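Residue numbers (the working numbering): 458 to 707.
Ideal Cβ placement from N, Cα and C applies to all residues, glycine included.
No experiment lies behind these values; they were computed from the predicted model shown.
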């Protein structure tokens, strides 16, 4: 285990990342069921952000996903999905270890692959960019409506932001990742409501296998647009339910 001096020197390979525990975050309590993932919050079981996004995808995206599964075959599609999920989990553990100064190594084949991708992300997406971390892998929730596990809330390149880390087998153009920005917008809406913050930026960092780090940032009016799109998706998710949700406050 690193001591405080070791952590400071480790982080100063880039610039120092400050941990500022200014908010009292809750740990996520996941409940998986036939209707998708939910989170238990204050005696409520709230649908996850990813569940809402998945159930409100456009017909075009659903068709494209079905076409891809048909092309590669159901078995291979499930294998690709499961390997990507496992690699992503390992990568997140390595990134969390880096930020906390604890370290995390996985010597399995998949773990070593994830380790390279995580290190690339640290070198090109973390150092000299993340200024402050308020929390990592903590629960974001909007009472009565939704919840989810947020990668990082803090300050990125001088702006308060929600940060999300992804991994991919292939390059992704910015116009392909609207749902990623909508996901960060969902956490920002919840964070601003529950904690009285004013987050107005989303940062997506994608580590591409055998490729570069893709850094995409949305802020200002564009990010507010993603917030309103998220509200539309929440409304769509609940529209056929017997009890309508209350209004969302931005």
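Selection from the options that minimises the alpha carbon distance to residue i
{"i": "residue 505", "options": "486, 483 and 603", "result": "603"}
{"i": "residue 600", "options": "485, 479 and 499", "result": "499"}
{"i": "residue 623", "options": "695, 513 and 546", "result": "546"}
{"i": "residue 481", "options": "575, 688, 652 and 634", "result": "652"}
{"i": "residue 616", "options": "605, 627 and 586", "result": "586"}
{"i": "residue 487", "options": "605, 518, 584 and 557", "result": "605"}
{"i": "residue 694", "options": "503, 474, 485 and 484", "result": "503"}
Contact under 7 Å by Cβ, residue i with residue j
{"i": "residue 662", "j": "residue 578", "result": "yes"}
{"i": "residue 618", "j": "residue 660", "result": "yes"}
{"i": "residue 665", "j": "residue 625", "result": "yes"}
{"i": "residue 442", "j": "residue 588", "result": "In the structure as shown, the chain starts at 458 and stops at 707, and residue 442 therefore has no counterpart that could be examined."}
{"i": "residue 544", "j": "residue 534", "result": "no"}
{"i": "residue 597", "j": "residue 571", "result": "no"}
Paired residues, beta bridge with residue i - DSSP
{"i": "residue 559", "result": "Partner(s): none; residue 559 has no beta bridge."}
{"i": "residue 504", "result": "495"}
{"i": "residue 606", "result": "596"}
{"i": "residue 624", "result": "664"}
{"i": "residue 490", "result": "493"}
{"i": "residue 483", "result": "596"}
{"i": "residue 617", "result": "612"}
{"i": "residue 476", "result": "590"}
{"i": "residue 671", "result": "663"}
{"i": "residue 654", "result": "Per DSSP, none; premise fails for residue 654."}
Cutoff 8 Å; reference residue i; Cβ partners in own chain excluding five residues on either side
{"i": "residue 501", "result": "600 and 601"}
{"i": "residue 690", "result": "509, 510, 513 and 639"}
{"i": "residue 567", "result": "540, 543, 544 and 547"}
7 Å Cβ shell around residue i - same chain, five flanking residues per side excluded
{"i": "residue 687", "result": "639, 642, 643 and 646"}
Sequence-distant residues of its chain with Cβ nearer than 6 Å to residue i (five each side left out)
{"i": "residue 559", "result": "none"}
Report yes or no: do three or more beta-carbon pairs, one from the region 537-544 and one from the region 634-642, lie closer than 8 Å?
-> no
With a cut-off of 8 Å, do at least 3 Cβ pairs link the region 548-556 to the region 591-598?
-> yes
Quick one: any contact between the region 675-685 and the region 510-526, if contact means 3 or more CB pairs under 8 Å?
-> no
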